[in-house]
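Here the protein sequences come in this chain order: R and F.
Numbering follows UniProt numbering, in which position 228 of the first sequence is assigned residue number 228; successive positions increment by one, without gaps.
Numbering follows UniProt numbering, in which position 72 of the second sequence is assigned residue number 72; successive positions increment by one, without gaps.
First the structure, in the form of structure tokens, and then the observations on it.
There are 2 protein chains.
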Amino acid sequence: MVASEVRALFAVASRPEVVSLAGGMPNVSALPLEHIGEIVQQVIAEQGATALQYGSAQGDPVLREQICDVMALEGIDAGADDVIVTVGSQQALDLVTRVFVDPGDVVLCEAPTYVTAINTFAAFQADIRHVAMDGDGVIPEALEETLTRLAAAGRPVKFFYTVPNFQNPAGVTLSAERRRRVLEICRAHNLLVLEDNPYGLLRYEGEAVRALRADAPDNVIYLGSFSKTLSPGFRIGWALAPSAVRAKLVLAAESAMLSHSSFNQMVVGRYLSTHPWREQIKDFNEMYRERRDTMLASLEAMMPAGTTWTRPEGGFFVWVTLPEGLDAKAMLPRAVGKRVAYVPGTGFYASDEGRRNMRLSFCYPSPDQISEGIRRLVGVMKSEISLRDTFGTASARPPAGNDAPSPDLP
Amino acid sequence: MVASEVRALFAVASRPEVVSLAGGMPNVSALPLEHIGEIVQQVIAEQGATALQYGSAQGDPVLREQICDVMALEGIDAGADDVIVTVGSQQALDLVTRVFVDPGDVVLCEAPTYVTAINTFAAFQADIRHVAMDGDGVIPEALEETLTRLAAAGRPVKFFYTVPNFQNPAGVTLSAERRRRVLEICRAHNLLVLEDNPYGLLRYEGEAVRALRADAPDNVIYLGSFSKTLSPGFRIGWALAPSAVRAKLVLAAESAMLSHSSFNQMVVGRYLSTHPWREQIKDFNEMYRERRDTMLASLEAMMPAGTTWTRPEGGFFVWVTLPEGLDAKAMLPRAVGKRVAYVPGTGFYASDEGRRNMRLSFCYPSPDQISEGIRRLVGVMKSEISLRDTFGTASARPPAGNDAPSPDLP
């Protein structure tokens, strides 16, 4: 990792005068704190002896049943026996990688993909290959071509990792038609799909699309999370896996942490059973929709010619492509100097791509901050463009490398 | 793993009519539940926006300072910068193994050693070697001899894993004199020590001994936990490591889970700052001392000739050696049939040892249950002895293998 410089920069970027369009933090200030305060106290008062004790490595059976109800909203018919509760879906990603990946094994990802997934796959020495995306998600023909090429080269592929809804970082959603094609291709190649779906319920327009797992229970490991629909502070995520895989994941979880917090699992369970959580998600969605709309309108109104961006129907992120000759990574220190921060696109590739891209988050700043942030960003870009027009390039390119800090962190 | 049978047995053993001397669960019913209920509510009410958000991968700086105060009780002078908060000390063990161990690397452990440490080392394909112990802990000459032999064979050793206080499972404590010798030997061989100390503050007699880390800050990674001194339900443990190692552990933690629960860390922090936790530990120690005394007195009064056991000065466990010809693993189903459970010694070795041993826990059952449990166990042993005297052996030996479920779980 060569992250120290960018980490230092992000330390500056966390100052209050900087508008951060970088972090992927949900806006937890919209939560019903009073009710959550009651819930945590009730769990200790009424279930303290269990909540404060070790639990099972697979997770609380009551919560696992409730998780099945949540997944039913995305078309998934599953049993609690096949669910394992994890420390955020990040731990599920880590456990799946641990179980499946030997050094040198190929793992397929979208291009771009979630930065911490890259870090996790790299930690287990996977050979990370990207598959091209467009505005409708991963391109089936590109997936097919990649798999055929790797098969011809005798390279085993362990799984295809995808964030099909409102992807992090690109903001795009895999269309229903493409989901069918992707599943067909993966079935034909006997390839496991790792479906990571933290944002699926945060949809601000359009029709919900069935989870990949809903139509391929034997071929898909599904990862879910309460980090965006409730709070990341309890660190409750999960994996739903075919039972032979699930058994291996439970052993891996026991080795990794013995068991997750019984207390946190019971708190989330009580929240789900006592709070109108579907209404809460609707409230979240109204708030996030306004922020997304503000960001898209600001981009539309202010961005210089030659800039393009995605139009997410949900989730937290917009993916921007800068005009030719601009370099988002090289520009970042100057942007932070002008009190606006983003994550450069290079962090979302295992290869040296993404220099002309940046990820902008609209989840955490207020609408006013978002439009002010875009205004500052456009100012920086215009200076870069004028440098480019004078010298042919805006700046020396910094060295390549995956150097974004985890963008879910502040 | 060939654990399914033993797991099934432990499912039976968790029935209320069975006295379980198997689990390593602390007795959380002795906790001040009312105060803890207030604390969790206060954290949400007063610090909710932070508690419910993502935190840093290294952990809450306030809690890390408080952890340094806890470690000071064992002679450790450390700074919060070198502490990383983990999901129980189990995750710290996992992260250290992940950072240091490549497949085939040698890891040294005591004989016997903590079962889930064996599982974790095995998960990363370590070559696990045991070093002999006696009533004063690991034998320095055996450590020296093992290291010399491995060096001559050109086998790199990554670290020496030790539970120096009231060891799990043996109940023995490494003497002060031996700590000096062990540190000398490890320094001479340039070998890292992994000091796992979950029970250190639970001492019921005798003088506290300084942590190994207190006298060798550059050579020791120290693992601590609030699971036994407060509650395992919050899953708060930690590692204290030399700073170069600590930086690697933080990156590994980020890959493994992004960050631990901010909420749980703030709850434990508030408990430490608002509750007389040293007094609480004294109360725990009085309760556990009575249970230990009951177990030792029952063993003394009832055990058949030829049985020996350790006399722990603290912690949760007594290690029993059965008379010649008895096999603790083969006997377990009959013991459960007589409504008493324990963990067979075989689980605590990577090799095929420990057949004549069992681990008895006195932490969770009441004193009455403990003496009744020992009475039942002695009944089973007497039947085995009479079989042995008639047929020469008590029973067919079941196959070897590490098959204990994690003994901290119910």
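Idealized CB from N, CA, C, for every residue including glycine.
Listing by chain order, which chain R residues have their CB less than 7 angstroms from the CB of residue i?
{"i": "P232(F)", "result": "Q53, Y54"}
{"i": "V28(F)", "result": "A49, L52, Q53"}
{"i": "M358(F)", "result": "The premise fails here: M358(F) is roughly 21 angstroms from chain R at the closest Cβ pair, so nothing lies under 7 angstroms."}
Using a Cβ-Cβ distance under 8 angstroms, would residue i count as near chain F?
{"i": "L33(R)", "result": "yes"}
{"i": "A49(R)", "result": "yes"}
{"i": "Q167(R)", "result": "no"}
{"i": "Q125(R)", "result": "no"}
{"i": "H260(R)", "result": "yes"}
{"i": "T393(R)", "result": "no"}
{"i": "D134(R)", "result": "no"}
{"i": "S14(R)", "result": "no"}
{"i": "A400(R)", "result": "Only weak support exists for where A400(R) lies, its pLDDT of 49 falling under 50; the coordinates are left without a value."}
Bridge partners for residue i per DSSP, in chain order?
{"i": "residue 431(R)", "result": "The requested residue 431(R) does not occur in the structure, where chain R is confined to residues 1 to 410."}
{"i": "W277(R)", "result": "None; W277(R) has no bridge partner."}
{"i": "D69(R)", "result": "Answer is none; D69(R) lacks a bridge partner."}
{"i": "E141(F)", "result": "Note: E141(F) sits in no beta bridge, so no partner."}
{"i": "F160(F)", "result": "L108(F), V193(F)"}
{"i": "P312(F)", "result": "Looking at the DSSP assignment, P312(F) forms no beta bridge with any residue, so it has no partner."}
{"i": "D127(R)", "result": "V106(R)"}
Taking C-beta pairs closer than 8 angstroms, name the residues in chain F that residue i reaches, listed in chain order.
{"i": "M287(R)", "result": "Here the premise fails: no neighbours, minimum Cβ distance about 15 angstroms."}
{"i": "M25(R)", "result": "Q53, Y54"}
Applying a beta-carbon distance threshold of less than 7 angstroms, which residues of chain F neighbour residue i?
{"i": "T120(R)", "result": "S255"}
Compare the C-alpha of residue i against each of the options and name the closest.
{"i": "G379(F)", "options": "D218(F), L299(F), I118(F), G206(F)", "result": "L299(F)"}
{"i": "I370(R)", "options": "A253(R), V268(R), M302(R)", "result": "M302(R)"}
{"i": "I128(F)", "options": "D134(F), D136(F), G137(F), A111(F)", "result": "A111(F)"}
{"i": "S227(F)", "options": "Q91(F), A253(F), P333(F)", "result": "Q91(F)"}
{"i": "R355(F)", "options": "A30(F), C363(F), Y364(F), G345(F)", "result": "G345(F)"}
{"i": "A341(R)", "options": "R210(R), R375(R), Y288(R)", "result": "R375(R)"}
{"i": "A176(R)", "options": "A208(R), E145(R), T148(R)", "result": "A208(R)"}
{"i": "F166(F)", "options": "G24(F), R98(F), K248(F)", "result": "G24(F)"}
{"i": "V62(R)", "options": "H189(R), L33(R), E144(R), L272(R)", "result": "L272(R)"}
{"i": "A350(F)", "options": "V18(F), E46(F), V107(F)", "result": "V107(F)"}
{"i": "N27(R)", "options": "T229(F), A49(F), E34(F), R179(F)", "result": "A49(F)"}
{"i": "E384(R)", "options": "A335(R), G154(R), F348(R), R339(R)", "result": "A335(R)"}
{"i": "L296(F)", "options": "G337(F), G306(F), S361(F)", "result": "S361(F)"}
{"i": "K118(F)", "options": "I139(F), L93(F), L9(F)", "result": "Residue identity differs from the one stated: residue 118(F) is Ile in this sequence, not Lys. Comparing Cα-Cα distances from I118(F) to each of I139(F), L93(F), L9(F), the minimum goes to L93(F)."}
{"i": "L95(F)", "options": "G373(F), D69(F), A253(F), G337(F)", "result": "A253(F)"}
{"i": "R289(R)", "options": "L230(R), Y364(R), F234(R)", "result": "Y364(R)"}
{"i": "L322(F)", "options": "A305(F), V267(F), S29(F)", "result": "A305(F)"}
{"i": "R183(F)", "options": "V220(F), A151(F), T148(F)", "result": "The sequence shown places Leu at residue 183(F), rather than the Arg named in the question. Looking at the Cα atoms, V220(F) is the closest of the given residues."}
{"i": "T97(F)", "options": "G347(F), K382(F), A256(F), Q265(F)", "result": "A256(F)"}
{"i": "A126(R)", "options": "M133(R), R155(R), A132(R)", "result": "R155(R)"}
Compare the C-beta of residue i against all C-beta atoms of chain R and say whether one is closer than 8 angstroms.
{"i": "V87(F)", "result": "yes"}
{"i": "I44(F)", "result": "yes"}
{"i": "G37(F)", "result": "yes"}
{"i": "T116(F)", "result": "yes"}
{"i": "M381(F)", "result": "no"}
{"i": "D408(F)", "result": "Interpretation of D408(F) is limited by its pLDDT of 49, a score under 50 that renders its predicted location unreliable; no figure is taken from the coordinates."}
{"i": "P198(F)", "result": "no"}
{"i": "V2(F)", "result": "Confidence at V2(F) is low in this model, with a pLDDT of 46, below 50, so its placement is unreliable and the value that follows should be read with caution. For V2(F), the answer is no, since every Cβ of chain R falls outside 8 angstroms of its Cβ."}
Since residue i meets chain F, which of its residues come closer than 9 angstroms, beta carbon to beta carbon?
{"i": "F263(R)", "result": "V40, S231, G233, F234, R235, N264, V267"}
For the segment 90 to 111 of chain F, which residues have a CB atom closer than 7 angstroms to at least one CB atom of chain R, in sequence order? Q90, Q91, D94
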